[in-house]
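In our numbering, the protein residues as written are 35 to 221.
We put the beta carbon where it would ideally sit given N, CA and C, even for glycine.
Please read all numbers here as calculations on a predicted model, not as lab measurements.
Worksheet: the structure to be examined is printed underneath.
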């Protein structure tokens, strides 16, 4: 649970997808794109792009939807979404740990906007330092628990021309591999 890229300095009301797209398309920011054959998980409101996996729409998604023996994934797309949600939960828990460890981030004092952005970046760096050096921190240990479900955040969708055939095929192939590994029928 570490931060690999921090792009602070946007208004709190900025659309997540707009921030994401700007980060991807601005070379000077040096966004760390996933290497070939690797993927970042993004929520369903984000545009579909090579290297970024969105969940299948119209299927159960949130971890709470799968609580209990009767609610386990039964369909291939549900299994994919469950695994996707589990990975996104790591991201949510990381933000929860960061805000809990540094409460100033929950209610930022009225510093100059640029200073606020630098505070966010500094605390992300300190958080990563703590993680890198395995410094004992009860707060981080609490949020590192994979059974903890972080609060759900829904990002607004943006218009997109829809998933490219190639990206849709990658999602389908990953879901089918999960299905084979779990004795479910492929898509």
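Inter-residue Cα distance where the pair is residue i and residue j
i: residue 218; j: residue 208; result: 13 Å
i: residue 150; j: residue 132; result: 15 Å
i: residue 146; j: residue 152; result: 10 Å
i: residue 203; j: residue 75; result: 16 Å
i: residue 70; j: residue 144; result: 42 Å
i: residue 45; j: residue 167; result: 32 Å
i: residue 66; j: residue 93; result: 30 Å
i: residue 32; j: residue 57; result: With the chain represented from 35 up to 221, any question about residue 32 goes unanswered, as that position is not in the structure.
i: residue 105; j: residue 170; result: 36 Å
i: residue 138; j: residue 42; result: 15 Å
i: residue 103; j: residue 120; result: 17 Å
i: residue 192; j: residue 172; result: Model confidence at residue 192 stands at a pLDDT of 37, short of 50, so the residue's coordinates are unreliable; what they give is reported in the following sentence. Spanning the two alpha carbons is a distance of roughly 38 Å.
i: residue 148; j: residue 52; result: 19 Å
i: residue 68; j: residue 129; result: 21 Å
Close beta carbons around residue i, own chain, < 8 Å, minus the five adjacent residues each side
i: residue 195; result: Note that residue 195 has pLDDT 45, beneath the 50 cutoff, so the model's placement of it is unreliable and the number below is only indicative. Counting only Cβ-Cβ distances below 8 Å, and skipping sequence neighbours, we find nothing.
i: residue 221; result: 110, 111, 206, 209, 210 and 213
i: residue 200; result: 84
i: residue 142; result: 150 and 153
i: residue 160; result: 136
i: residue 108; result: 218
Cβ distance (whole Å) where residue i is taken to contact residue j below 8 Å
i: residue 80; j: residue 73; result: Going by Cβ atoms, the distance from residue 80 to residue 73 rounds to 12 Å, so no, they are not a contact pair.
i: residue 101; j: residue 177; result: Contact flag wrong, Cβ pair sits at about 19 Å.
i: residue 63; j: residue 216; result: Rounded, the Cβ-Cβ distance is 38 Å, inconsistent with contact.
Close-in-space but distant-in-sequence residues of the same chain around residue i (CB under 6 Å, 5 per side omitted)
i: residue 40; result: 155 and 158
i: residue 89; result: 78, 95, 115 and 118
i: residue 165; result: 36
i: residue 61; result: none
i: residue 122; result: 75
Own chain residues within Cβ distance below 7 Å of residue i, not counting five before or after
i: residue 136; result: 157
i: residue 162; result: 36 and 37
i: residue 54; result: 80
i: residue 140; result: 133
i: residue 186; result: At residue 186, the pLDDT of 47 sits below 50, so the modelled position is not reliable; the number obtained from the coordinates is stated separately. These residues qualify, in order along the chain: 96.
i: residue 99; result: 105
i: residue 91; result: 78
Selected residue, minimal CA-CA separation from residue i, among the options
i: residue 83; options: 120, 108 and 59; result: 59
* To do: At 3 residues or longer, and completely inside the segment 71-106: list those beta strand (DSSP E) runs for me, N to C.
  => none
* To do: Please go through the segment 103-157 and give each complete alpha helix (DSSP H) segment of 4 or more residues, from N-terminal end onward.
  => 110-135
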